[in-house]
Each structure stands twice: as structure tokens, then as C-alpha cells.
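For the sequence shown, the numbering used here assigns the number 308 to the initial residue and increments by one for each residue that follows. Each residue gets a CB set at the ideal place from its N, CA and C atoms; glycine is no exception. Only a predicted model underlies this, so the values are computations on that prediction, with no experimental measurement involved. Contents: one structure, followed by commentary.
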Amino acid sequence: MMKRISRRQFLESAALLGAPAAFPWLGAYAQAASATGAVPKKGGTLRISVDQAVSVINPLLLRVNPEYLVGELLYSGLTRLSDHLKAEPDLAKSWQANQDLTTWVFTLRKNIVFHDGTPCQAKDVEASIKLMLDPATASPARNNIGPIKDVRAVDDTHVEITTHKPYADLPAMLAYTNARIIPAALIEAGQFKSLGQRAVGTGPFKLVSYDPSRVVVVERNPHYYDPDRPYLDRVEVVVYPDPLAQTSALIAGDTDIITSMDSTEYPRVEHARGVVPLRTPSGQFLNVNMGCNQKPFQDARVRQALAACVDRKALVDFVANGYGTVGNDSPINSAYPFFEPVAAKTQDIAKAKSLLAAAGYPNGLDLTLIASDRPATRTQLGIALQSMAEPAGFRIKVQTMPQATYLDQVWKKGNFYIGFYNMQATVDAVFSLLYTSDASWNETHWNNKDFDALVEQARGTIDEKQRTELYGKAQQLMSNQVPSVIPLFFDILAGRRDYVQGYYLNPRAAVFRLERVWFSGTGPARR
308 MMKRISRRQF LESAALLGAP AAFPWLGAYA QAASATGAVP KKGGTLRISV
358 DQAVSVINPL LLRVNPEYLV GELLYSGLTR LSDHLKAEPD LAKSWQANQD
408 LTTWVFTLRK NIVFHDGTPC QAKDVEASIK LMLDPATASP ARNNIGPIKD
458 VRAVDDTHVE ITTHKPYADL PAMLAYTNAR IIPAALIEAG QFKSLGQRAV
508 GTGPFKLVSY DPSRVVVVER NPHYYDPDRP YLDRVEVVVY PDPLAQTSAL
558 IAGDTDIITS MDSTEYPRVE HARGVVPLRT PSGQFLNVNM GCNQKPFQDA
608 RVRQALAACV DRKALVDFVA NGYGTVGNDS PINSAYPFFE PVAAKTQDIA
658 KAKSLLAAAG YPNGLDLTLI ASDRPATRTQ LGIALQSMAE PAGFRIKVQT
708 MPQATYLDQV WKKGNFYIGF YNMQATVDAV FSLLYTSDAS WNETHWNNKD
758 FDALVEQARG TIDEKQRTEL YGKAQQLMSN QVPSVIPLFF DILAGRRDYV
808 QGYYLNPRAA VFRLERVWFS GTGPARR
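Have a look at this one:
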């Protein structure tokens with residue numbers, strides 16, 4: 308018989324794996340989250356702006372923040388992330404694990420229903436997770452919800468999940484942006500692709516209309532499992548591709564929240580009447596991806612040479628306008644537990660020239676660097692890198708293209724382009740999303756066996772000291788080998804009207820929790 312520890316006992320022990328002291332922003336963040344003691348009230352239409360089209364609404368296939376926002380409005384997962392990046396109940400009200408954390412039982416809330424009125428039960432969870440794990444589905448969740456061996460519905464309200472190895476992060480990773488639950492009947496009927504145009508979830512809101520490049524409209528789900536939420540009647544997710552127009556709309560009161568704004572726009576909201584600026588440190592980053600399986604980047608010396616060209620402090624000032632921190636070519640920074648500082652890299656043009664010559668390019672290299680136009684910081688980084696690398700012999704042409712074109716033609720296909728990624732829930736999540744050989748989005752094709760082994764061992768290690776050592780070695784290996792140049796991390800910047808209550812920035816950047824939002828006073832004129 309499986310010896311289980313209670314959810315409370317597990318969470319207490321799991322705190323050792325990611326204690327609050329590891330998150331420097333937690334004190335101020337928690338204080339801000341509890342600043343208002345007013346009683347929430349229901350009603351009103353929230354207009355929240357995003358900076359790019361909501362091109363995908365199929366919950367298992369979402370790719371970018373505006374899509375994650377809409378997915379969160381319409382669907383639920385077994386768990387969700389708290390403000391402190393801890394797993395908390397969503398469809399599952401509780402969970403237990405055996406002693407070595409390889410078998411988990413999640414207990415669902417009772418009387419959950421999908422938007423079409425059908426019950427949501429354990430069989431739907433089983434079918435949804437199995438679909439995520441199917442390579443044919445091509446869901447980013449596949450390699451990001453944990454090393455799952457099997458999932459089965461024990462009865463209507465209990466789901467058992469087994470993992471190949473001990474995996475302490477499972478509850479947190481089941482809150483992944485693509486790990487949403489959909490009806491088993493829909494999957495069995497071969498209608499999964501229909502979710503590209505309609506929504507059948509259990510989320511706090513129901514889909515009213517969907518215009519990908521303009522606006523997505525949702526309304527309160529009267530059958531949401533939390534009878535007190537959501538407070539809002541309706542949410543309109545409005546697309547503003549132009550940053551200036553997006554900020555102007557917030558200042559004018561035409562919108563109520565900007566989920567993310569350019570650093571160049573942030574000073575405008577800091578001094579705007581009726582607007583509350585929002586800022587929090589994060590592990591969000593830009594990376595210059597290089598195809599490590601192709602010339603010239605298959606030679607680590609070329610990658611190291613490019614990294615040696617970068618003035619990282621200058622990039623924080625130029626690209627992030629000072630709203631960020633320096634990076635050293637690892638996606639992990641001090642916002643994460645298990646962060647291990649590596650030697651700070653400084654610009655060294657002589658070293659870059661020497662490395663290029665040793666790699667067989669004494670006369671330099673001609674390269675084309677692709678940058679999406681969203682966010683605009685991608686192009687800014689490209690232009691800065693072009694200038695910084697020129698003295699070492701890198702002749703870089705920066706090509707900017709629309710985000711939609713970039714996603715279709717370059718992302719995961721090109722061999723030299725600029726990526727943009729949110730902070731993830733755990734260290735393992737970042738590595739498993741982007742840098743292990745079996746990563747869902749293995750853009751660099753670095754495929755380093757030593758790195759893979761370190762991540763795999765850390766994933767199955769409960770001992771905090773051992774895990775810290777393993778992740779530290781993995782970070783050092785990345786910094787040395789440079790599968791991608793990661794020169795800076797961004798603070799998350801946003802804004803809200805002063806009558807909007809219950810909205811706080813999550814450092815994960817892909818967590819929004821609009822079911823908590825409500826209007827104080829008279830709120831906006833629209834209802």
C-alpha cells in the first residue's frame with residue numbers, strides 16, 4: 308500500500324526547495340497584494356489591452372502571453388500558480404504523494420461543469436493530459452508538466468499520476484500555461500482542432516466572440532466552481548499593436564489595464580493622473596539563439612566570441628531603459644530558487660577576435676539576425692548587438708519582421724534569431740522548455756548530453772543541497788558553452804486605472820488571475 312504524505316506536509320517540505328528567501332521580490336509583492344481591505348463587488352466590463360494578436364485559443368497549443376491570458380480566462384488546470392509561484396488548488400482541491408514522490412493522487416472539486424453544461428470529471432483530466440503527452444499533438448505542455456509515466460482516472464473525482472522518477476515540481480508544473488483540461492468526449496470525437504475557433508472549458512469566463520487581431524470578448528461563467536468569482540460581468544481583450552497608442556488608451560481611460568508595456572512607455576504612466584504604474588522584477592529575458600547544429604554556430608568558439616562582444620550593463624540601460632538586470636548566458640537569475648551566480652561576463656573585443664580566428668574566421672563573419680517586431684526590445688537588442696560585435700569582425704544584418712511572420716517562418720526553424728521568454732515556474736521548467744535535447748522548443752539544438760544528465764538528475768533529486776549543486780553545474784555549463792546569448796533580464800512593467808482592484812503582476816508574466824479583479828467606486832463608465 309502506498310505510503311502517502313499529506314498535501315500540507317508536502318508543501319512544508321517543498322518550501323525547502325523554493326523558500327521565500329530565494330525570491331527577493333516576495334516581501335514587497337505580498338504587501339502590495341494585501342494593500343486594499345475593501346470588499347469586492349460584482350459588475351462591469353474590463354477592457355484589458357495586449358500588444359499582439361491572439362492568434363491561437365486552443366488551450367493546449369498556446370504560445371505567447373496574449374494567448375495565455377485568454378486561455379486562463381476560458382480554461383482551468385488541475386493546479387494554478389499563486390502570487391509566490393507555489394502550486395495552489397484549481398480543479399483539484401487537494402493532492403497527496405507517496406513518500407518518494409513518484410505517485411500522486413489529485414482530488415477534484417465536485418460538481419464542476421464545462422461551458423457546454425457537461426460534467427468535468429477525472430476521465431476528462433486523464434484524456435487531456437494524455438493528449439498533451441502525445442507527440443502528435445505538439446503541445447508545449449508535453450515536456451513541461453513533468454516526467455509523467457501514466458495518468459488514470461481512479462473514479463469520478465480522483466486522478467492518479469505516476470512519474471518515471473521522483474519529481475517534487477509536479478503540482479507546480481501542472482499549472483503550466485498549456486496544461487488545461489478539456490472534455491474527454493470532444494477528444495474521443497476527434498474534435499480537438501475545433502478548439503481553434505470555440506472554447507469548451509471550465510474557466511471563470513465563457514467565450515462570446517473571437518476576432519484574433521482586434522478583440523476577444525468573454526462573459527462571466529455562472530457555473531464557475533467558485534460561486535463568489537469572477538466579479539466582472541465581461542472582459543474585452545483588446546489588441547493594440549502600437550505601444551504609443553496602447554499607453555494613450557490607458558491614460559485616456561479607454562482601457563483599464565495594460566498587461567505589459569515597453570520600458571519607453573513606462574514613464575508616461577508613472578506620472579499620468581488616474582493611472583497606477585506596476586513593476587516587478589522577473590526572470591523574463593531576451594536570448595540570441597544560435598543553431599548549434601549548423602555552421603558557423605556548431606563551433607562553440609563562434610558562440611563564445613559573440614558573447615564576448617556584449618556590454619551587458621549597457622544593454623540593460625539601452626534595451627530595458629534600466630528596468631532590468633544583467634544576464635550571463637543562463638536563463639536563470641536571482642528570481643529563481645537554485646540560482647547559482649557565475650562569473651560576470653565583460654566585453655572583451657580582443658578575446659572575441661582571437662576566438663573567431665581560432666574557429667577559422669580570421670576575416671570575420673557575415674550573418675543575418677532575425678528579430679520580431681514584438682516586443683520592440685528584440686529589434687533594439689539586434690541593433691545594439693550589431694554595433695557591439697562589429698569591431699570583433701561580426702558583420703550582422705538585422706532583419707525585423709512582424710510577429711506573426713516570425714512565428715510561422717523563423718521560430719524553431721531559423722539558426723540566428725532573437726527569442727523572448729517569460730519567467731517559468733521552476734528552474735527545470737526553463738531548461739525543459741528550451742535547452743534540453745528533448746525540449747518542446749529546442750531552438751538552439753545544443754543537445755549537450757552533460758547538460759541533459761545534470762537536469763535529469765536534479766529533477767529527480769529531493770535533497771536541496773544536491774539539487775542546488777546540480778543546477779549550479781548546469782548553469783555554469785550553459786554560460787561556458789553559450790547555446791544562446793542571454794545578456795539581460797527584464798522587470799515586468801504594466802499599468803492599471805486606479806479604480807481597478809485585485810490585479811497584481813505575477814513575476815511569471817503569463818499568470819493574470821482576472822477572476823480576482825473588480826471595480827471600486829463608480830468604476831469606468833461602461834457596464
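Each residue's CA atom was taken as its position, placing proline 814 and asparagine 670 some 43 Å apart. In this structure, valine 649 sits near glutamine 783, with a CB-CB distance shorter than 8 Å. Residue range 684 to 696 is occupied by the alpha helix (DSSP H) that includes threonine 686. Under the three-state reduction of DSSP output, glutamate 750 falls in the coil class, being neither helix nor strand. If you look at aspartate 757, you'll find it isn't in any beta strand (DSSP E); it sits in the alpha helix (DSSP H) that goes 756 to 766.
Each residue's CA atom was taken as its position, placing serine 362 and proline 519 some 5 Å apart. Restricting attention to Leu367, Gly378, Thr751, the CA atom closest to the CA of alanine 607 is found in Thr751.
Annotated three-state conformation of alanine 650 is coil, per DSSP. Beyond the five residues adjoining it in sequence on each side, glutamate 495 comes within less than 6 Å, by CB distance, of no other residue in the same chain. For isoleucine 799, there is no enclosing alpha helix (DSSP H); the enclosing beta strand (DSSP E) has its first and last residue at 791 to 804.
Per DSSP, glutamine 403 is one residue of the beta strand (DSSP E) stretching across 399 to 405. Remark: three or more beta-carbon pairs, one from each stretch, lie closer than 8 Å, so the segment 507 to 515 and the segment 528 to 544 are flagged as touching.
For isoleucine 703, the CB contacts under 7 Å within the same chain, skipping 5 residues up- and downstream, are Leu674, Leu676, Leu692, Gln693, Ala696 in chain order. Selection Tyr806, Val818, Tyr811 evaluated against glycine 351 yields Tyr806 as nearest (Cα-Cα). Within the DSSP bridge table, the entry for aspartate 518 names Val522 as partners. For valine 412, the closest of Asp423, Ile436, Lys393, Ile468 by C-alpha to C-alpha distance is Ile468. Inside the segment 575 to 631, DSSP marks whole beta strand (DSSP E) runs of 3 or more residues at positions 582 to 597, from first to last along the chain. At a Cβ-Cβ threshold of 8 Å, phenylalanine 701 and leucine 613 count as neighbours. Annotated three-state conformation of tyrosine 532 is coil, per DSSP. Buried is the label assigned to threonine 768, since at least 16 other Cβ atoms lie within 10 Å of its Cβ. In this structure, threonine 484 lies near leucine 369, with their beta-carbon atoms less than 8 Å apart.
Short of 7 Å from the beta carbon of lysine 719, and not among the five residues preceding or following it, lie these beta carbons of its own chain, in chain order: Trp748, Glu750. Counting of Cβ neighbours within 10 angstroms places aspartate 423 among the exposed residues, the total staying below 16. Within the segment 356 to 419, the complete beta strand (DSSP E) segments at least 3 residues long are 386 to 388, 394 to 396, 399 to 405, 410 to 415, listed from N- to C-terminus. DSSP places glutamate 822 outside any alpha helix (DSSP H), giving it a letter other than H or E. In the structure shown, tyrosine 573 falls within a helical segment according to DSSP collapsed to helix, strand and coil. Taking serine 744 as the centre and dropping the five residues before and after it, the same chain places the C-beta of Asn754, Asp759 closer than 6 Å to its C-beta, in chain order. Taking 8 Å as the cut-off, the Cβ atoms of serine 356 and glutamine 553 count as close. With a threshold of 16 other beta carbon atoms within 10 Å, leucine 551 falls short and is exposed. Excluding sequence positions up to five before and after aspartate 462, its CB lies within less than 7 Å of the CB of Ala429, all in the same chain and listed in chain order. For glutamine 706, the secondary structure class from DSSP, reduced to helix, strand or coil, is strand. When only Cα atoms are considered, tyrosine 643 and leucine 493 end up about 38 Å apart. In this structure, Asn365 is the residue among Cys599, His391, Asn365 with its C-alpha nearest to the C-alpha of glutamate 379. By the Cβ criterion, the segment 389 to 408 is in contact with the segment 469 to 478, since at least three pairs of Cβ atoms, one from each stretch, lie closer than 8 Å. Judged by DSSP secondary structure, leucine 676 falls within the beta strand (DSSP E) whose first and last residues are 672 to 679.
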